[in-house]
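Below is one structure, written out as C-alpha cells; the observations come after it.
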Amino acid sequence: MQPLVVLKNIKRVFRSGEADVYVLKDINLTINKGEMVAIIGSSGSGKSTLMNILGCLDKASGGAYEIAGQNTADLDSDQLSQLRRNYFGFIFQRYHLLPALSALGNVEIPAIYSGMAKAERFKHAAALLQRLGLGERLYHKPNQLSGGQQQRVSIARALINNAEIILADEPTGALDKHSGEEVLKILDELHQGGRTIIIVTHDTNVAQKAQRIIEISDGNIIADYLNEHYKTAPFDKNLVQEAAQQSHSQGRNAVFDRLRESFAMSMLSLLANPMRSFLTMLGIIIGIAAVISMVALGNGTQAQIMANINSLGSNTLTIYPGKSMSDARAGLITTLTDSDAKALEQQPYVAGVTPEVSGNAQVSYGDISAHANVTGASEQLFVTKKLELAQGNFFTKEDVLNRNLDMVIDQQTADTVFGKNASNILGKTLFIGSAVGRVIGIVKNYTTGPASKNLQIYLPYSSVQTRFLGNDHSVQSIILRVADNIDSNSAEQAVTKFLTMRHGEQDFFIRNSEEFRKKVNQSVGVLTLLVSSIALISLIVGGIGVMNIMLVTVSERINEIGVRMAVGARQSDILQQFLIEAVLVCMLGGIIGILLGLSLSLVFELVHAPFKLLYSTSSIIVAFVFSSLIGVGFGFMPARNASKLDPVSALSRD
C-alpha cells in the first residue's frame, strides 16, 4: 500500500504555568491509503490531540508530519487550509453544524471554499443527503433534526469535496445505539469505496469495526495491530460513487461565490439578533442623520441669508462719506451729494442709482401714533433694492423734483397705523412729525436685520432733505446697482476713480454687497463645518460601538469560526466574513440615518420654521461612503482577530 500519512517523532507540548506538559511523545505512525484505522485510548491519553495534528488543525511541537509526501511544517495557514479542503473530511462528536444554515447549507460550506460552481454544489449536496436518507430534510435547520440526522449531515459535509481522508472524532459518542451503528456502517461503506478512514474513540466496540487498531496511552502508542474480527458491511456503491464525484467548475466564480456566501451569513447573523444589530447601528444612524442635517441646516441658513441680502439689492455698491464706518469725522463731510448720484447714473456700468438720506419721525393717524424710520431716496430706490409693490405705485421722478410728500409705506406700517383689516388705504394722509404726507403705495415688509422690526416709510429724498434735515444737497449714502454684465469689483474701481476725480480726493468709502455676500458665505460655511465636525464625532463614537459589538460577536461565534477553518476556510475567508458583517451594519445604519435626516425637513415644515433644510446630494453620498469606511476601519480589528484564531482552540469553544 502507498503511505498517505507519515508521522516521525511527533511531539506536542503545552505550557502549564512554568512547566511543560508533554501530551504526545515521539509518535511514529504510518497510515496507508485506503486503510480504516481506529485510534483508541482513555480520556487524556492524547488521542484527540493526535487527531487534531493529523487533520492539520493543530501543529506539532516537534517532529515531522507528511501527507502524500508533503511536509506540513513548510506550509502557511492558507496552504494548510487548502490541505484540509483537498484531503480531509471531518466528522465531529458534537456535529458542529452552523445553526443558522439548513442541512443543505451546512453540507455546501466546504464546496464554497473549494470553488465548486453553485449549481453543481447544490446538486452534489442534495444527492449526498438523499443517499444518507435526508432527502426530505434538505431545508431543515440543525435544531429540527435528531442527533443521528445531524451526524449524517456532518458526514455529507465531510464527503462533498471528495475528501481522501475521513477523520471521525467519537462519531457515535452522542448517538443512540441504532444511530451509532448506522454511522459506522456508512464509514465502512466509504472505506470499501477507497477512502482512508481514521476514527478516534474510547469505545472498544467502535474500535472493533475498524480494520486496524492503534492504542495510545499517556502520549505514547502502546499497540498497533490489524483487527482479526474486522468484517465489511454490505457495500453501497451509489453512496461511494456520489461521494467520489469531482467538481470541474472551479475558477472564475469561486471568489464571487465565497463573497456571496459571506454576505448571506452576515445577513443571517444580523437577523438572528435584531435588537443587538439595531443598537450597534444606533451610533451610526445618529451620526449620519446629524451630519446630513447639519449640512442641510447650514445650506438652508445660507440660502435664507442670501435671499435676504438679495432683497436689499443684489450686486450693489453703497457709497458712504468718510474713510470707513468707524470714521468719527464722517458726519462732517458734505461732499457726497445728489449730484454725484446723477453723474453716476450716466455711467455705462450702472443699472440704477439712488441717493439716500434717513431719519426717524413720529407717524400718526387719528388717535394712533407710532415711531417709524423715514428713508428718502430717488424713484430708482425700488429697482435698486428690489422692493416688491403690494398695492398702489412708487413715487416718480417728478415727485422728487417737486419735493412732494407722496409716500410709500411697508405692510407693517399699514397694519400698525390703519389696522390689519383696513381697506382703501391709498390716498389717505399721515402726519410725519409736523408734515403731512399722502400714501400712494404699499410694499411688502422689509425682512432683513433689526430694521425689520420698525415701521418703514419711503419719501423722495428731496422732501426729506428740506422738510426733515434742512439740507438741500448732501446725502448720507448713494446706492448703486451694478449692471448684470459687469463685475462688481471692476465697477467699484471705476466708481472710486470717478468720484475721486469729482471730489479731488477720496473722502468716501464703498461697501460692496458681493464682498459682504462672500464673507457671509464663509462665516456660514465655517459654522456648518464646525457643527458637522461635532456631528462627525458621533459617527466616530458609533464606529467604536461597532468595533466593540463585533468583538463580542467574534467571541460568541468562535466555534463557528473553528468549523469553517476545519472545512477549509482561508484566513481571508474569515476576515471577509466578519468585515462584510461590520460594513453591512454601518451601511444599513447609514441608510436609516439618511432617511432619518431627510425626515427632519418634514418637522421643519410642521413647525413653520423661517427657512427650509436644503439637502446636499454630495453630503449624503459622502456620509454614506464614510459610514461604509467606518465599517471597514472599525470592523477590521475584530475581523482580523477572528481570522487569526487557532482552529483547534476555536473548535473546543461552544
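Residue numbers 654 to 1307, in our numbering, belong to the letters of the sequence shown in order. Heads up, the beta-carbon is just placed ideally off N, CA and C, and yes, glycines get one too. None of the values given here were measured: they were computed from a predicted structure.
Listed in chain order, the beta strand (DSSP E) runs fully inside the segment 1157-1243 are 1161-1165, counting runs of at least 3 residues. Taking Thr990 as the centre and dropping the five residues before and after it, the same chain places the C-beta of His1126, Ser1127, Val1128 closer than 7 Å to its C-beta, in chain order.
Ala949 is the residue among Ala726, Ala949, Phe745 whose C-alpha sits nearest the C-alpha of Leu1253.
Beta-bridge partners assigned by DSSP to Val658: Ile684, Ile720. Residue nearest to Pro752 within the set Leu921, Ala721, Gln957 is Leu921 (criterion: CA-CA distance). Between the alpha carbons of Gln804 and Val836 lies a distance of about 8 Å. By the CB criterion at 8 Å, Phe1084 and Ile1078 fall outside the cutoff.
Take the alpha-carbon of Arg784 and the one of Asn873: they are about 39 Å apart. Glu1009 places its beta carbon less than 8 Å from that of Tyr1114.
Note on geometry: alpha-carbon atoms of Asn815 and Asp731 lie some 19 Å from one another. Annotation: Ala726 is outside any alpha helix (DSSP H) and is labelled neither H nor E by DSSP. Judged by DSSP secondary structure, Met704 falls within the alpha helix (DSSP H) whose first and last residues are 700-707. Taking 8 Å as the cut-off, the beta carbon of Leu707 is found closer than this to the beta carbon of Leu820.
Put simply, of Leu1122, Ala1088, Phe741, Arg1170 the residue whose alpha carbon is nearest the alpha carbon of Val1016 is Ala1088.
By the CB criterion at 8 Å, Val1220 and Leu1304 fall outside the cutoff. Arg1091 is positioned such that its CB atom lies no closer than 8 Å to that of Asp1052. Classified as exposed, Gln1159 has fewer than 16 neighbouring CB atoms from the shown chains inside 10 Å of its CB. Taking Ser1191 as the centre and dropping the five residues before and after it, the same chain places the C-beta of Gly936, Ile939, Gly940, Ala943 closer than 7 Å to its C-beta, in chain order. For Ser1302, the uninterrupted alpha helix (DSSP H) run begins and ends at 1300-1304, by DSSP. For Gln802, the closest C-alpha among the options Ile813, Lys776, Asp829, Arg1293 is that of Asp829. When DSSP assignments are scanned along the segment 1111-1164, the uninterrupted stretches of alpha helix (DSSP H) that are 4 or more residues long and fall wholly within it turn out to be 1114-1117, 1141-1156. Of all alpha-carbon atoms in Leu1248, Asn1026, Gly1286, Arg668, the one lying nearest the alpha-carbon of Thr1270 is that of Leu1248. Cβ neighbours of Pro974 within its own chain (closer than 6 Å, five residues either side excluded): Ala983, Ile986, Leu989, Phe1161. Separation of Ala876 and Ala779 (C-alpha to C-alpha, rounded to the nearest whole angstrom) is 41 Å.
Cβ atoms of Leu1034 and Val1135 stay farther apart than 8 Å, at about 16 Å. Rounded to the nearest whole angstrom, the C-alpha separation of Tyr748 and Gly1250 is 47 Å. The three-state secondary structure of Gln746, taken from DSSP, is coil. Segment contact: the segment 1232-1248 against the segment 1277-1290, three or more CB-CB distances shorter than 8 Å; contact assigned.
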